[in-house]
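Scroll down for the structure; my scribbles are underneath it.
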Amino acid sequence: DIAMFVHKRKLYGKAAVVFEPHYLSELEYKEYLRNGLAQAIQNDELFLVFQPVFNLHSGKVSGYEALVRWHFKQQVIEPEEFIPLAEQSHLICNIGFWVLERAIKAMQEHVADESIVLAVNVSVLQLKTNDFAKNLLQILKTTQFPASRLQLEITESVFCDEPENLMETFSLLSLKGVRFCLDDFGTGYSSMVQLQAFPFSTIKLDKCFISDLEGAGGAIIRSVVMLAGELNMNVVVEGVENKRQLDWVHDQGINTIQGYFCAKPMSKPAADFKPALVFEQFQSFH
Ligand code: C2E
Ligand code: MG
Ligand code: MG
Ligand code: MG
């Protein structure tokens with residue numbers, strides 16, 4: 384019985400129930416999600432949360448990253464679970480544009496300060512569709528949202544195959560002022576060549592590095608900061624969860640951070656958000 388499965392799954396987590404024969408197998412559960420996902424937009428089950436990107440230098444929020452969630456049968460399903468399923472069908476495009484439109488609307492409703500940017504994650508598969516640039520520019524035109532206020536976050540896996548097809552899309556959108564961020568840097572497939580060939584303005588270091596400061600993480604972050612400086616790119620460190628990590632990042636001269644220590648994703652973006660913990664800490668920086 385599916386309802387019972389979902390209930391138990393929620394209580395005990397994935398691993399505990401998946402292999403119980405009278406519950407759904409992982410495969411059946413995916414099928415169950417995939418079927419539900421096809422109706423998610425029509426049923427108004429998707430929603431967005433917004434995580435601040437914080438600038439240590441100015442002491443202010445410099446942007447918000449929109450993150451999608453799916454409210455399905457009394458559960459909130461995480462994007463890491465359903466985005467891969469959406470990518471197996473055309474659904475990723477519908478979801479992607481839905482996210483873009485809603486995120487822009489939320490920024491226009493709540494954040495008048497135009498210097499605060501909006502970051503939206505875009506799936507490689509969506510980026511590769513023929514009319515991605517055209518549709519995106521249409522949305523910007525309709526909403527009157529400045530292209531320069533939009534940053535598209537692309538994960539490194541974009542470069543697994545035939546990156547050259549993407550160049551046209553990148554060029555066209557950059558020309559209009561849209562900026563690109565290479566997300567989850569250090570975990571994927573990009574080479575140094577691609578890093579400078581594509582018009583990325585920002586590198587976002589994957590959270591695995593900051594959580595491994597004792598290991599190689601610190602050295603890797605430092606060397607990426609140097610590299611980014613040479614290539615004239617900004618660096619964002621994501622996954623800053625505690626004061627020790629914040630201090631370390633600040634000592635390296637890194638200005639832009641994102642992580643639970645500043646703020647968890649929240650239901651709407653705000654122009655004047657001040658993360659209490661960091662702000663207190665921040666007073667001592669100056
Ligand atoms: P991402 O773009 O790298 O997003 C950062 C993820 O790290 C988010 O998880 C965020 O909640 C989480 N995070 C932020 N700060 C911390 C921290 O201090 N500690 C820890 N442990 N985690 C932190 P989330 O929202 O579950 O998103 C996961 C991934 O799903 C995203 O990774 C992104 O790749 C994808 N995703 C989310 N929304 C969308 C979307 O609208 N479209 C597409 N295509 N992908 C999306
Ligand atoms: Mg991202
Ligand atoms: Mg990331
Ligand atoms: Mg990630």
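Residue numbers (full-length UniProt numbering): 384 to 669.
Think of the CB as a built atom: it goes at the ideal place given N, C-alpha and C, for glycine as much as any other residue.
beta-carbon residue i near ligand 2 non-hydrogen atom, thresh 7 Å
i	result
residue 518	no
residue 536	yes
Beta-carbon proximity list for residue i, same chain, < 7 Å, skipping 5 on both sides
i	result
residue 684	Given a span of 384 to 669 for the chain in the structure shown, any question on residue 684 remains unanswerable.
residue 469	420, 475, 478
residue 484	522
residue 616	583, 584, 585, 586
residue 605	635
residue 428	453, 454, 455
Status (buried if at least 16 other CB within 10 Å, exposed otherwise) for residue i
i	result
residue 503	buried
residue 410	exposed
residue 589	buried
residue 482	buried
residue 534	buried
residue 536	buried
residue 652	buried
residue 669	Any answer about residue 669 is weak, because its pLDDT of 44 lies below 50 and its placement is not dependable; what the coordinates show is given next. Exposed is the call here.
residue 613	exposed
residue 611	buried
residue 646	buried
residue 627	exposed
residue 486	buried
Residue i: CB within 7 Å of a non-hydrogen atom of ligand 3
i	result
residue 621	yes
residue 589	yes
residue 567	yes
Heavy atom of ligand 1 within 7 Å of residue i beta-carbon
i	result
residue 505	yes
residue 728	Summary: the structure shown does not reach residue 728, with the chain confined to residues 384 through 669, and so no result is reported for it.
residue 630	no
residue 461	yes
residue 601	no
residue 446	no
residue 466	yes
residue 598	no
residue 560	no
residue 612	no
residue 652	no
residue 500	no
residue 425	no
residue 412	no
residue 458	no
residue 643	yes
residue 624	yes
Whole-number beta carbon distance between residue j and residue i, since they are thought to touch under 8 Å
i	j	result
residue 620	residue 603	Between residue 603 and residue 620 the Cβ distance is about 11 Å, and since that is not below 8 Å, they are no contact.
residue 516	residue 552	5 Å
residue 559	residue 530	5 Å
residue 447	residue 462	That pair is no contact at about 16 Å.
residue 493	residue 599	Actually they are not in contact, since the Cβ atoms of residue 493 and residue 599 sit about 40 Å apart, beyond 8 Å.
Short CB-CB distance (under 8 Å) between residue i and chain D
i	result
residue 506	In the structure shown, chain D cannot be found, because there is only a single protein chain.
Cut-off 8 Å between Cβ atoms - residues of its own chain near residue i, not counting five sequence neighbours on either side
i	result
residue 404	Only weak support is given to the placement of residue 404: the predicted model assigns it a pLDDT of 45, under 50, and the question is left unresolved by the model.
residue 416	455, 460, 464, 465, 468
residue 497	529, 532
Other residues of its chain near residue i: CB distance less than 6 Å, five sequence neighbours each side excluded
i	result
residue 624	642, 643, 644
residue 500	446, 532, 534
residue 438	445, 638, 639
residue 656	435, 444
Exercise for the section: Would you be able to state if there are at least three C-beta pairs under 8 Å between the region 563-573 and the region 514-529? Expected result: no
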